[in-house]
Amino acid sequence: MTWLVGIDLGTTNTVLGYGRNGPGGIELFQIDQLVAPGEVAGAPLLPSMRYHPGPDELAPGALQLPWQQADVAGVERVALGRLARVLGAATPGRLVTSAKSWLSHDGVDRMAPILPWGVDNDVSKVSPVAASASYLAHLRAAWNARFPKQPLEHQQIVLTVPASFDEGARALTLEAARLAGLPQVALLEEPQAALYDWLYRHRASLADDLGDARLVLVADVGGGTTDFSLVKVDTKDGEPHLTRIGVGNHLILGGDNMDLALAHLIEARMAEQSGDHNGNDAARTRLSAARLAQLTERCRAAKEQLLADDAPESVAVTLLGAGSRLIGSARKADLLRSDIERIVLDGFLPLNAAQEEPTRARAGIVEFGLPYASDPAITRHLASFLRQHAAASREALGLDGGAIPIPDTVLLNGGVFRGAALARRLIDTLSGWRGAPVRVLHNENPDIAVARGGVAYALARQGLAPAIDSGAARNYYLLLDGEARAGLLRAVCLLPRGTPAATEVTLANRSFALRVGRPVRFHLVSTIADAGAAPQAGDLVDLDLADVVRLPPIATVLRKSGSGATAEIPVHLVTTLSETGSLEVHCVAEDGGGRWQLAFQLRGNSDDDGDIDAPDEALPANLDAAIDKIERVFGARSKQVEPKEVKQLRAGLEHLLGPRENWTTPLLRRLFDALMARAKGRRRSVEHERAWLNLAGYSLRPGFGHPLDEWRMEGLWALFEAGVQHHKDSQVRAEWWTLWRRVAGGLSLDAQLRVLDDFAFNLQADAAERGRRPVTLVDGSEEDLLRVGASLERIPSAYKAEIGEWLFKQIADIPAGGKLDARASARYGRYLWALGRVGARQSFQSSAHEVAPPDVAEGWLRQLLLLDWRKVEPAGFAAAHIARMTGDRSRDIDDAVRGDVLRRLAASGAPPAWTAMVREVVELDQASEARMLGDALPPGLKLLR
1 MTWLVGIDLG
11 TTNTVLGYGR
21 NGPGGIELFQ
31 IDQLVAPGEV
41 AGAPLLPSMR
51 YHPGPDELAP
61 GALQLPWQQA
71 DVAGVERVAL
81 GRLARVLGAA
91 TPGRLVTSAK
101 SWLSHDGVDR
111 MAPILPWGVD
121 NDVSKVSPVA
131 ASASYLAHLR
141 AAWNARFPKQ
151 PLEHQQIVLT
161 VPASFDEGAR
171 ALTLEAARLA
181 GLPQVALLEE
191 PQAALYDWLY
201 RHRASLADDL
211 GDARLVLVAD
221 VGGGTTDFSL
231 VKVDTKDGEP
241 HLTRIGVGNH
251 LILGGDNMDL
261 ALAHLIEARM
271 AEQSGDHNGN
281 DAARTRLSAA
291 RLAQLTERCR
301 AAKEQLLADD
311 APESVAVTLL
321 GAGSRLIGSA
331 RKADLLRSDI
341 ERIVLDGFLP
351 LNAAQEEPTR
361 ARAGIVEFGL
371 PYASDPAITR
381 HLASFLRQHA
391 AASREALGLD
401 GGAIPIPDTV
411 LLNGGVFRGA
421 ALARRLIDTL
431 SGWRGAPVRV
441 LHNENPDIAV
451 ARGGVAYALA
461 RQGLAPAIDS
471 GAARNYYLLL
481 DGEARAGLLR
491 AVCLLPRGTP
501 AATEVTLANR
511 SFALRVGRPV
521 RFHLVSTIAD
531 AGAAPQAGDL
541 VDLDLADVVR
551 LPPIATVLRK
561 SGSGATAEIP
571 VHLVTTLSET
581 GSLEVHCVAE
591 DGGGRWQLAF
601 QLRGNSDDDG
611 DIDAPDEALP
621 ANLDAAIDKI
631 ERVFGARSKQ
641 VEPKEVKQLR
651 AGLEHLLGPR
661 ENWTTPLLRR
671 LFDALMARAK
681 GRRRSVEHER
691 AWLNLAGYSL
701 RPGFGHPLDE
711 WRMEGLWALF
721 EAGVQHHKDS
731 QVRAEWWTLW
741 RRVAGGLSLD
751 AQLRVLDDFA
761 FNLQADAAER
771 GRRPVTLVDG
781 SEEDLLRVGA
791 SLERIPSAYK
801 AEIGEWLFKQ
811 IADIPAGGKL
821 DARASARYGR
831 YLWALGRVGA
841 RQSFQSSAHE
851 VAPPDVAEGW
861 LRQLLLLDWR
871 KVEPAGFAAA
881 HIARMTGDRS
891 RDIDDAVRGD
901 VLRRLAASGA
911 PPAWTAMVRE
921 VVELDQASEA
931 RMLGDALPPG
941 LKLLR
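So, in structure tokens, the structure goes:
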């Protein structure tokens, strides 16, 4: 017997529903879990939380479950579910929450161990994918203990995801399932699952219960995300026929944001009370990230009490102290019912009678490391969503034009709408927009509807329950040029919205010539907006930059037996929405000789969403002549060129291509490819090596941001161990280290650690060690080495702390007092530039969890404040970057130190941009960016962080 299983892998709770493979009811699985140390009980909800206890925190056997299973995330002792929530409420710094929200956060490496976010290194950490996998693995173990003859991995499983998840987040969800031992799952959008549950429960009287509904809005607001979907209702043969016609973009906005907003309010009240009591402002210091998480959980419980129909006027929120002062240092403040109305109802669900769009801030809200939506008003996001789908909605409602069409029916789902006041506010908003009441489809239990709906979907696929036609939720496009022109992106449609699952769409009229053995990378985007006529596969379109969602790049290396290394294969692109709900793209040889799947690149940041290789007509007409010059100097059949000609190669290229500061990124990468293909020629003379190193580093800077840069960096890195040929020449050595400084952002962690070894040897080795230096270890000046060492952003934060301490020792050796001479100014300049780069709160390329710890940064700032910033101008520059505001309190410095830095910047006459980056979350201006990188970025290349 096979079971049909629906799993809701939620931000707050994980739920499993199941039913028989045939007619029958849907049941909820009672998930065995620890509810207290050593105590196991079953419950339908498994809180999506992990707790990593300290070494002596719990007695042996306290975490024993009815089964033996190692943690898929590799942590030796871990509590999941209800016990994790209980323990984490008291010690939040060891609690992993909101792993699902992290799956959609492409600003971090979602496969790296980064959770719990912002905690000390003595706490075990796991990746968002591994944390998600651990909840699924717990379900699998609990199920298999109950049904040993029908293991979960052999059942038909439907795993739900937000409709707004992009292909990267969906692929990571599938990877989590694979890690949990569930390799075969189908994905279903959560709003659809909620509606499937309603349809199944009303299947016997569906036509009557839907009545004259024409357009259903499913609004799913859970703990971590807000998800909208539109479903059209037609009548065919007297029965309702449903078609999903629209989904929303991803919003990290939900109940967690409401709880956090209330926590900020209570934090301020506690600080005011404590400040009044102590007679000073010292107690106004912000809570740590862990303590704020604890307060947020307290506010969530208080919010639920105040949203009840019989709510009191206020609820006391208490935050216990820590350690030996657990009770004595407790702090308390009241949360009022009026606060809920003002912050939660009016702040997150304003009536928005004017149907305003969400405000677009330069930077979103960052808390606990997550980039929350910058505008918290769900009803403004809803107005934007309905405006984007106006054309399809008018067709569904039978309207000709006019105002934004409003659905006539709504289904509310998600834990947020357990609060009746919140549900009423959204219904009132829609009714106000429509000018008439909307029909409300009753959701029996929002906590379990999605898991039940997964089972109903599986039954519908067998013709045993009502179904919803869906297909692709978005239009998918291949970018032809990654740089927007006049706010538009040129693209070709790969897969139109609504394409049924398992339908192959071939771009038969588009041919691509791909080289065997060379990585090929394509950049895809998706859109949900109605923009003119529906595109067809192969259509060339201009997309509004504001409407697109960039997907992770897709790539492969084409290999074909019997082909030469330089052979090119003409191929077509074939795109499919798989039965599991994921996007698949293949290159298919036109002669039928091969088929290659392109895989989404999911590890690390999405740093390569820069320009696509420009077409030849967009490159300078003299490019071939420039490559001929490179061939003449470095080619295999190099002519006997004079040293003067080698020295003048750069000038010759500028004569052909214009000033090199105007060379675009596609042009630079073409030049690098030409240089790399002739890398052996760099060894011919000192002049050859100097010129090659200089041009190669300049052409590949900053080592990322353009298609195929990862592949280029792999080729360049292969040269590192061999060092330089002319190691006695000081300029060759300087150019060597300049090259690696310029491209450091593209080096992997292992490569950066290898560079760090040479950096440390050169700066710290004594005379005896230097005498044993291998010839391949390139010497360098202190300035060159500092610049490359400080550019290694991926190295562990402990190494950054060591580098910072070493820098301060050097600063302390600079003679103080009097007017600075040129030598002292130069020393201050290089040490403080390196310190600012090492201690920066916002890295250029690495993941956010890799920055130096805030307590270390605060110590450095206190030492910098001892310097005279008017005399030592680089001190202010370094301090501005170390104190830069990110909005993430696990990275941000203490407010008191921030205030000291701001006052000193003002007193020293620092540029306004430095003050702005310390006071608020802003992007770097061009001058600060170039100074921090040590080079201006190539034209057309923009760092996203």
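Sequential numbering from 1 applies to the sequence shown in my numbering.
We treat Cβ as the ideally placed atom computed from N, Cα and C, and that holds for glycine.
Candidates the options, of which the one nearest residue i by Cα
i	options	result
Leu-87	Leu-386, Leu-63 and Gln-68	Leu-63
Arg-670	Ser-699, Leu-397 and Leu-540	Ser-699
His-688	Asp-709, Lys-644 and Gly-658	Lys-644
Ala-812	Asp-766, Leu-867, Pro-407 and Pro-854	Leu-867
Gly-876	Gln-764, Leu-905, Arg-20 and Pro-44	Leu-905
Pro-500	Ala-421, Gly-419 and Leu-583	Leu-583
Ser-314	Thr-296, Ser-338, Ser-132 and Leu-242	Ser-338
Phe-522	Ala-533, Leu-792, Tyr-476 and Thr-503	Tyr-476
Gly-745	Glu-923, Gly-705 and Tyr-831	Gly-705
Under 9 Å between C-beta atoms of residue i and residue j
i	j	result
Ala-289	Ser-890	yes
Pro-162	Ser-104	yes
Ile-554	Val-585	yes
Pro-116	Leu-83	no
Val-788	Arg-741	yes
Ser-134	Arg-50	yes
Arg-203	Ala-465	yes
Ala-219	Leu-411	yes
Val-119	Arg-94	yes
Trp-717	Ala-751	yes
Gly-836	Ala-878	yes
Asn-121	Gly-415	no
Leu-217	Ser-229	yes
Thr-527	Asp-547	yes
Leu-4	Gln-155	yes
Leu-753	Ile-795	yes
Ile-31	Gly-42	yes
CA-to-CA distance, residue j to residue i, given in whole angstroms
i	j	result
Leu-174	Ile-448	21 Å
Leu-864	Glu-783	20 Å
Arg-682	Leu-540	43 Å
Gly-6	Met-270	44 Å
Asp-609	Gln-150	Summary for Asp-609: the model assigns pLDDT 36, below 50, so the residue's position carries little reliability; its value from the coordinates is reported in the next sentence. Roughly 45 Å between the two C-alpha positions.
Glu-805	Val-78	35 Å
Ala-722	Thr-776	6 Å
Ala-390	Pro-446	28 Å
Ala-907	Val-838	25 Å
Gln-184	Leu-159	10 Å
Pro-136	Pro-659	Sequence inspection shows Leu at residue 136; the Pro mentioned does not correspond to that position. Their Cα atoms are separated by approximately 57 Å.
Ile-266	Ala-301	13 Å
Ala-59	Ala-90	17 Å
Ser-132	Trp-736	43 Å
Residues near residue i in its chain [Cβ-Cβ closer than 7 Å; skip 5 each side]
i	result
Thr-226	Leu-251, Leu-253, Gly-254, Ile-378 and His-381
Gly-538	Val-492, Cys-493, Leu-507, Asn-509 and Arg-510
His-52	Val-75, Val-78, Arg-94, Val-123 and Ser-124
Leu-480	Arg-490, Ala-491, Val-492 and Ile-612
Cβ neighbours of residue i in the same chain (closer than 6 Å, five flanking residues each side left out)
i	result
Gly-279	In this predicted model, Gly-279 has a pLDDT of only 41, less than 50, meaning its place in the structure is not dependable; the value taken from the coordinates is given anyway. Counting only Cβ-Cβ distances below 6 Å, and skipping sequence neighbours, we find nothing.
Asn-605	Here the model assigns Asn-605 a pLDDT of 42, short of 50, so the residue's position is not dependable, and the following value carries that caveat. Answer for Asn-605: no residue qualifies.
Leu-441	Trp-198 and Leu-411
Ala-396	Arg-214, Leu-215 and Lys-232
Arg-684	none
Pro-92	Ala-290, Ala-293 and Gln-294
Other residues of its chain near residue i: CB distance less than 8 Å, five sequence neighbours each side excluded
i	result
Leu-861	Ala-879, Ile-882, Ala-883, Ile-893, Val-897, Asp-900 and Val-901
Within 8 Å, do at least three Cβ pairs link the stretch 415 to 430 to the stretch 232 to 249? No, they do not touch.
Can you confirm whether the stretch 67 to 78 touches the stretch 134 to 144 when touching is taken to mean that 3 or more C-beta pairs between the two stretches lie within less than 8 Å? Because the criterion of three Cβ pairs below 8 Å is met, the stretch 134 to 144 and the stretch 67 to 78 touch.
I want to know whether the stretch 683 to 697 touches the stretch 646 to 666 - three or more CB-CB distances under 8 Å. Output reads yes: the stretch 646 to 666 touches the stretch 683 to 697.
Looking at C-beta atoms only, is the number of pairs between the stretch 345 to 356 and the stretch 183 to 201 that lie closer than 8 Å three or more? Contact fails: fewer than three Cβ-Cβ distances are below 8 Å.
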